[in-house]
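**Student:**
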Amino acid sequence: MYRSSMKWCLIAVTTVTISACSGTPKPKTEIALSNTALQNAEVAGAKDLAPIELRTAQEKQDLAGTAMADKKFTTAKQLSEQAAVDAELAKAKSEAEKSRSAVEEVEDSINLIRAELGRAKGQ
Amino acid sequence: MKNPVVTTMPLAALLVLCACGGAPKKVDSLETARAAYSDASANEVVVKHAPKELDDARNALAQGQRAWNEDGKRKHADHYAYIASQKVKIAKLIAQRKEDDARLESMKLERQRVQLDVRSQEVDRARADTLAMQAQLDAMQARVTARGIVATLGDVLFDSGEAGLKPTSAVNMDKIANFMSSYPDRNAIVEGHTDNMGDDDYNLDLSRERAASVRSALIARGVDSTRITIRSLGEASPIADNNSASGRQQNRRVEVIFPDDDSQISGLVGQ
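Just so you know, the sequences run in chain order A and B.
Counting from 1 along the first sequence, just add 10 to a position and that's the residue number in the working numbering.
Counting from 1 along the second sequence, just add 186 to a position and that's the residue number in the working numbering.
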């Protein structure tokens, strides 16, 4: 019984592997999505606020393009999926930084006003 | 053995057959990503603000585990682990941003409140200043006129027909000196006047000398001499009818004027 299961297992895995190798579609959607994600990151100010994350995303996108040209579609798909998530990270980091510094600015101005108040009261 | 049976077999069934050994095998990258996901999904704040990104991470972990079970290829498992861990980072950053945005709103309100405090404090201070000045003006019996603040020193304060100040004038002099000490940016023009009895030159001299007496008295009380200019108008500027005794007495006066701006003083030469 065990041996028969193992044989089925091997046949199944082989079938799956073969069908994975032949006819992997071109990851056009994934490449388009990562392009959009990169643009969104730039719009969010990632060039200044998350340059390292943005560069990582760009580099992977470039590598995805190379893989596409070499017809390595699985690699291209994975690279562009990673580029997309890296760009998303760059955008999220930029926006978090913008909000943080907006809060800091208001905090600083409150402290300044309070100091004025304190000085005036002392007079 | 018919192959069609194999090719139409659903994936779930394949997984069951392949898991002959027992529990799914673990791979470092997925386990690390899984730990990060667990942490983040246990954080209420992250769950509240970035449920979608956490879902994406969870899906990536599931895909990664499936891929690892199926083909044992580290490259594919690592890929999904990477996606999952990046999504977790993104979820945390989104949560941070949204918390800060909420905080910003409440802090802006706080700032408004503090600004109002400052303003109401300024109003209180201005009001107090006005009351204080009004009190001093009342004490001097000064009026606010178009020329500025005017305090009048009547004839009774001077020796009759003379320039010297009587001892009773001391209180008036004190009050004027006090005022000038409280308001160091207000300077004085001391203007002497007479009635129309006697000749013009005599009246000019008398009015000048009386103004000078007032000036000296103020200097003696510590007022800086550069703050006081004198002017003598003699009989030229009566305020009452010289035909009656009381009118003449009113005209015999010295006015201490505090102009609203110093340009009214600068044209004068100290006499």
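The beta-carbon is built from N, C-alpha and C at its ideal position, and this holds for glycine as well.
On a predicted model such as this, the values are computed, not experimentally measured, just so you know.
Can you check whether the C-beta of residue 96 (chain A) is within less than 8 Å of a C-beta belonging to chain B?
**Tutor:** Yes, residue 96 (chain A) lies at the interface with chain B (some Cβ there is under 8 Å from its Cβ).
**Student:** Report all residues from its chain with a CB closer than 7 Å to the CB of residue 39 (chain A); omit the five preceding and five following residues, and keep chain order.
**Tutor:** Correct list: empty, nothing qualifies.
**Student:** Distance, Cα to Cα, residue 109 (chain A) vs residue 52 (chain A)?
**Tutor:** Going by the C-alpha atoms only, they are around 17 Å apart.
**Student:** I'd like to know if residue 126 (chain A) contacts chain B, where contact means its C-beta is closer than 8 Å to some C-beta of that chain.
**Tutor:** Taking Cβ atoms only, chain B reaches closer than 8 Å to residue 126 (chain A), which makes this a yes.
**Student:** Label residue 378 (chain B) either buried or exposed according to how many other C-beta atoms from any shown protein chain fall within 10 Å of its C-beta, with 16 as the threshold for buried.
**Tutor:** It is buried - the Cβ of residue 378 (chain B) has at least 16 other Cβ atoms within 10 Å.
**Student:** At which residues does the beta strand (DSSP E) containing residue 419 (chain B) begin and terminate?
**Tutor:** Taken as a continuous stretch (DSSP letters only), the beta strand (DSSP E) holding residue 419 (chain B) covers 414 to 420.
**Student:** Only counting the same chain, and skipping five residues up and downstream in sequence, which positions put a Cβ closer than 7 Å to that of residue 250 (chain B)?
**Tutor:** Around residue 250 (chain B): 216, 263, 266, 267 and 270.
**Student:** Taking 8 Å as the CB-CB cut-off, is residue 231 (chain B) touching chain A?
**Tutor:** No, no contact with chain A.
**Student:** List, in order along the chain, the chain B residues whose C-beta lies closer than 7 Å to that of residue 110 (chain A)?
**Tutor:** Chain B residues near residue 110 (chain A): 286.
**Student:** Against chain B, does residue 81 (chain A) count as a neighbour if the rule is that its beta carbon must be under 8 Å from one of theirs?
**Tutor:** It does not: the Cβ of residue 81 (chain A) has no partner Cβ on chain B nearer than 8 Å.
**Student:** Excluding the 5 residues flanking residue 436 (chain B) on each side, which residues of the same chain have their C-beta closer than 7 Å to its C-beta?
**Tutor:** 425 and 426.
**Student:** DSSP three-state call for residue 374 (chain B): helix, strand or coil?
**Tutor:** DSSP places residue 374 (chain B) in strand when its eight states are reduced to three.
**Student:** Whose C-beta lies closer than 8 Å to the C-beta of residue 349 (chain B) among residues of the same chain, with five residues either side of it excluded?
**Tutor:** Around residue 349 (chain B): 392, 395, 396, 398 and 399.
**Student:** Mind checking residue 230 (chain B): buried by the 16 CB within 10 Å criterion, or exposed?
**Tutor:** Label assigned to residue 230 (chain B): exposed.
**Student:** What residue range does the beta strand (DSSP E) around residue 334 (chain B) cover?
**Tutor:** Unbroken beta strand (DSSP E) run through residue 334 (chain B): 334 to 340.
**Student:** Of the choices A:106, A:98 and A:125, whose alpha-carbon is the least far from that of residue 66 (chain A)?
**Tutor:** If we check each option's Cα against that of residue 66 (chain A), A:98 comes out closest.
**Student:** Should the stretch 303 to 316 of chain B be regarded as contacting the stretch 269 to 285 of chain B, the criterion being three or more beta carbon pairs within less than 8 Å?
**Tutor:** The stretch 303 to 316 of chain B is not in contact with the stretch 269 to 285 of chain B.
**Student:** Could you have a look at residue 380 (chain B) and say whether DSSP puts it in helix, strand or coil?
**Tutor:** Three-state result, residue 380 (chain B): coil.
**Student:** How big is the Cα-Cα spacing for residue 119 (chain A) and residue 129 (chain A)?
**Tutor:** So the alpha carbons of these two residues sit roughly 15 Å apart.
**Student:** What are the residues in the stretch 240 to 273 of chain B lying within 7 Å of chain A by C-beta distance?
**Tutor:** Listed in sequence order: 256, 257, 265, 268, 269, 272 and 273.
**Student:** Just how far apart, CA to CA, sit residue 96 (chain A) and residue 123 (chain A)?
**Tutor:** In a straight line, the C-alpha of residue 96 (chain A) is about 41 Å away from that of residue 123 (chain A).
**Student:** Between residue 86 (chain A) and residue 74 (chain A), which are expected to be in contact by the criterion C-beta below 8 Å, what is the C-beta distance as a whole number of angstroms?
**Tutor:** That pair is a contact at about 5 Å.
**Student:** Give me the chain B residues within the contact set of residue 92 (chain A), using Cβ-Cβ distance strictly less than 9 Å, ordered along the chain.
**Tutor:** Chain B residues near residue 92 (chain A): 265, 268, 269 and 272.
**Student:** Applying the 10 Å Cβ sphere with the 16-neighbour rule, what's the burial state of residue 5 (chain A)?
**Tutor:** This structure leaves residue 5 (chain A) out entirely; chain A is present only between 11 and 133.
**Student:** From what residue to what residue does the alpha helix (DSSP H) around residue 76 (chain A) run?
**Tutor:** Residue 76 (chain A) -> alpha helix (DSSP H) spans 61 to 79.
**Student:** Of the residues A:58, A:89 and A:121, which one's Cα is nearest the Cα of residue 70 (chain A)?
**Tutor:** Ranking A:58, A:89 and A:121 by Cα distance to residue 70 (chain A) puts A:89 first.
**Student:** Less than 8 Å between the beta carbons of residue 381 (chain B) and residue 438 (chain B), yes or no?
**Tutor:** Going by C-beta atoms, residue 381 (chain B) is nearer than 8 Å to residue 438 (chain B).
**Student:** Assuming residue 284 (chain B) contacts residue 242 (chain B) under a Cβ cut-off of 8 Å, what Cβ separation, rounded to an integer in Å, is found between them?
**Tutor:** About 17 Å separates the two Cβ atoms, so there is no contact after all.
**Student:** Assuming contact is defined by CB atoms lying nearer than 8 Å, are residue 94 (chain A) and residue 60 (chain A) in contact in what I supplied?
**Tutor:** Taking 8 Å as the Cβ cut-off, residue 94 (chain A) and residue 60 (chain A) do not qualify as a contacting pair.
**Student:** Near residue 459 (chain B), what residues of its chain come up, given a Cβ to Cβ distance below 8 Å and the 5 sequence neighbours on each side ignored?
**Tutor:** Because chain B is modelled from 187 through 457, residue 459 (chain B) falls outside the range shown and cannot be assessed.
**Student:** Straight-line CA distance for residue 340 (chain B) to residue 406 (chain B)?
**Tutor:** Whole-angstrom Cα-Cα distance: 20 Å.
**Student:** Step through the CB atoms of chain B and report whether any lies within less than 8 Å of the CB of residue 40 (chain A).
**Tutor:** No, residue 40 (chain A) does not count as interfacial toward chain B.
**Student:** For residue 213 (chain B), which three-state DSSP category applies?
**Tutor:** Looking at residue 213 (chain B) - three-state DSSP - the assignment turns out to be coil, as it is neither helix nor strand.
**Student:** Need the endpoints of the alpha helix (DSSP H) that residue 330 (chain B) sits in, please.
**Tutor:** From DSSP, residue 330 (chain B) is part of no alpha helix (DSSP H) but of the beta strand (DSSP E) over 328 to 331.
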